[in-house]
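Just so you know, our numbering puts 194 at position 192 of the sequence shown, and the rest follows in order with no gaps.
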Amino acid sequence: MGDSQPTRQEVPELVAAEREGSVDLQVDVGVLVAHAPGTDPGRLGRFATRTAEDAVDELASATDVTWRFYLEDATRLADHDRRRPSEFLDRATHRMAQGPYDMVIVVTDVPLVSSRERFVPGLASPLSRVAVVSTRHLRSGARGQPQRPLDHEAVRWNGATLLVHLVGHVLGARHRDADSGVMEPFEFRPDRRTIPPMDADVETSLHRIAEEIPAAEARPRGALARLAFHVRSALRNSEQVLQALGNSRAPLLPLSLPKLSTAAVAPTLIIVFSAEAWDVGFHMGNATAGLFAVVSILTAAVYLLFAQNLTFPRKRHNIVTEHTALVNVTVFLVLVLAMLGLFALVWVIILVIELAIFPPNLMSNWPSLEDPTVGLIDLVRTGAFISTIGVLSGALAGGLESRTIVSHLTLFLDRP
């Protein structure tokens, strides 16, 4: 297995916009149009093309590399319901690998919601290099006013500004103070007719990061070779992975998945009153209990990863890109932290039952106990053992209500 550069001759011929840069590097961006039933895909496609044309000059001048946008065939959505950006991630990563592209922009006309359930005009995922733009927010007028048409000047220039802003996030730029250019927190401005300039510091950062595009690619043969490429990619980009983990609030994920939490807690409430569970917990060594917990948490995470098909892209490809590998590694680590959070949640519940509900001398007269004294360490170890069983039952019986919520909370920023 070896790394290789992208095969640019496989990129579609329909170029939506391009601008040559002074550096001999090229960034290929796929533009996917996802429209609701009844929407004219041609109009949405023309909006996406015009937005790319307006944005490409600013991106090329800020990074000094060549930018080329390719318009993909439109995709019809099943309904007009609101979407999380992660719901477009499957097709985006599939086209990224098939293209191949260095980045993918999804343009849709359905409402878009953030991880905090707020309607937003667009969101970006720096790790997966995917951004989603919703025209619904751009077209919305004041209360009682009709929607603006797609060819409205305000829609055009706010859309182009939003696109440059999200691409900046994909390349690692963060929000700047107000009145600092295109990377200030995005707000729709009816009088906008140009794209705000890039801040000098942002230009320096984007120029450095753009030179790292395209990312490494590999054609691994076999599961072990694919795993090795994922590990190497994660080690080379450990800072990005750690940042994504920090933003994900992964240990709190079970609180957003009531089915998983219920399937973990319910059986432990029965097991905690079982004499056999207490016998095993009291006679188990601390090292054995710790190893059992670690193995169970990892097993639960691996099971959910493959049972829920959370790896990207869903369809197998001969080419694996580095940023796709980073997405898969990050999703797995988020699952590990989520199972750790679930373990802590169940453990606290069991400890409360042991300390507050059980009589203090309940176990002291059991004939199976060599030492009739029941200490805090024994209670903690037994609670950990029972909680480990709860984690396994939660993963196997509960699973995830929605596989998109993990990607949503893990990969996408919570505001444009």
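Using N, Cα and C, we set each Cβ at its ideal position, and we do this for glycine too.
It should be emphasised that the depicted structure is a prediction, and the values quoted were computed from it without experimental measurement.
Restricting to Cα atoms, I'd like to know which of Leu344, Arg417, Leu413 and Gly377 is closest to Ile388. Leu344
Can you tell me which of the three DSSP states Phe121 falls into? strand
For Pro369, I'd like the list of residues in its chain whose CB is within less than 8 angstroms of its CB, leaving aside the five on either flank, ordered along the chain. Annotation note: pLDDT 47 at Pro369 (below 50); position unreliable, no value reported.
Through-space distance from Asn160 to Glu74, alpha-carbon basis: Rounded to whole angstroms, Glu74 to Asn160 spans 22 angstroms at the Cα level.
Hey, Pro39 and Asp81 are a contact pair by Cβ (cut 8 angstroms); roughly how many whole angstroms apart? At roughly 7 angstroms, the Cβ-Cβ gap stays under 8 angstroms, so Pro39 and Asp81 are in contact.
Can you have a look at Val157 and say buried or exposed, based on whether 16 or more other CB atoms are within 10 angstroms of its CB? buried
Please state whether DSSP places Arg21 in a helix, a strand or coil. Residue state, collapsed to three classes: strand.
Under the three-state reduction of DSSP, which class applies to Val274: helix, strand or coil? coil
Out of Leu328, Phe308 and Met98, state which residue places its alpha-carbon closest to the alpha-carbon of Arg234. Leu328
Spatially closest choice to Val33 from Ala57, Gly174 and Leu27, by CA coordinates: For the residues Ala57, Gly174 and Leu27, the minimum Cα distance to Val33 belongs to Ala57.
Answer with buried or exposed for Arg85, where buried requires no fewer than 16 other C-beta atoms within 10 angstroms of its C-beta. buried
List the endpoints of the continuous beta strand (DSSP E) containing Gly40. Neither: Gly40 is in no beta strand (DSSP E) and is coded neither H nor E.
For Ile299, which residues in the same chain have their Cβ closer than 7 angstroms to its Cβ, ignoring the five residues on either side in sequence? Val338, Met341, Leu342, Phe345 and Val393
Would you mind sorting Leu254 into buried or exposed? The rule is 16 or more other CB atoms within 10 Å of its CB. exposed
To the nearest angstrom, how far is it from the Cα of Pro14 to the Cα of Pro123? Confidence is the limiting factor: at Pro14 the pLDDT is only 46, short of 50, which leaves the residue's position unreliable, though a coordinate-based value still follows. Straight-line Cα distance between these residues: approximately 28 angstroms.
Grab the span of the alpha helix (DSSP H) containing Thr313 for me, first residue to last. That residue, Thr313, is in no alpha helix (DSSP H); it is neither H nor E in DSSP.
Cα-Cα separation between Thr264 and Asp193, rounded to whole angstroms: Cα-Cα distance, rounded: 51 angstroms.
DSSP-derived helix/strand/coil call for Met3: In this prediction, Met3 scores a pLDDT of 33, lower than 50, which makes its location untrustworthy; the coordinate-derived value is nonetheless stated afterwards. Correct three-state label for Met3: coil.
Separation of Gly23 from Phe414, as counted between CA atoms: 29 angstroms
Nearest to Gly287 by alpha carbon, out of Leu271, Phe314 and Asp380? Asp380
For the alpha helix (DSSP H) that contains Tyr1, what are its first and last residues? This structure cannot speak to residue 1, because the chain is shown only from 3 to 418.
Tell me which same chain residues have a C-beta within less than 6 angstroms of the C-beta of Glu55, skipping the five on either side of it? Ala19
At which residues does the alpha helix (DSSP H) containing Ala94 begin and terminate? Here the alpha helix (DSSP H) through Ala94 covers Leu91 to Gln100.
Boundaries (first-last residue) of the beta strand (DSSP E) holding Ile107: Met105 to Thr110
Can you tell me which of the three DSSP states Thr53 falls into? Reduced to three states, the DSSP call for Thr53 is helix.
Assuming Asp30 and Arg70 form a contact by the criterion Cβ under 8 angstroms, report the distance between their Cβ atoms to the nearest whole angstrom. 5 angstroms
When the Cα atoms are used, what is the spatial distance from Ile273 to Ser395? 12 angstroms
Are the beta-carbon atoms of His232 and Val331 separated by less than 8 angstroms? Result yes, Cβ atoms of His232 and Val331 sit closer than 8 angstroms.
Between the Cα of Val109 and those of Leu140, Ala309 and Tyr103, spot the shortest distance and give me the residue it belongs to. Leu140
Could you check what DSSP says for Gln245 in three-state terms: helix, strand or coil? helix
Confirm, please, whether the CB-CB distance from Asp153 to Arg131 is below 8 angstroms. In this structure, Arg131 keeps its C-beta atom at 8 angstroms or more from the C-beta atom of Asp153.
In terms of residue numbering, what span does the beta strand (DSSP E) encompassing Val233 cover? The continuous stretches of beta strand (DSSP E) do not include Val233, which lies in the alpha helix (DSSP H) extending over residues Ala225 to Arg238.
Got a sec: does the ligand ZN put a non-hydrogen atom nearer than 7 angstroms to the Cβ of Pro43? The ligand ZN is not among the ligands present in this structure, which contains no ligands whatsoever.
Taking a contact to mean a Cβ-Cβ separation below 8 angstroms, would you say Ala386 touches Ala291 in this structure? Yes.
Pop quiz: Val172 and Leu61 are said to be a contact at Cβ under 8 angstroms. What is the actual Cβ separation, rounded to whole angstroms? At roughly 11 angstroms, the Cβ-Cβ gap does not stay under 8 angstroms, so Val172 and Leu61 are not in contact.
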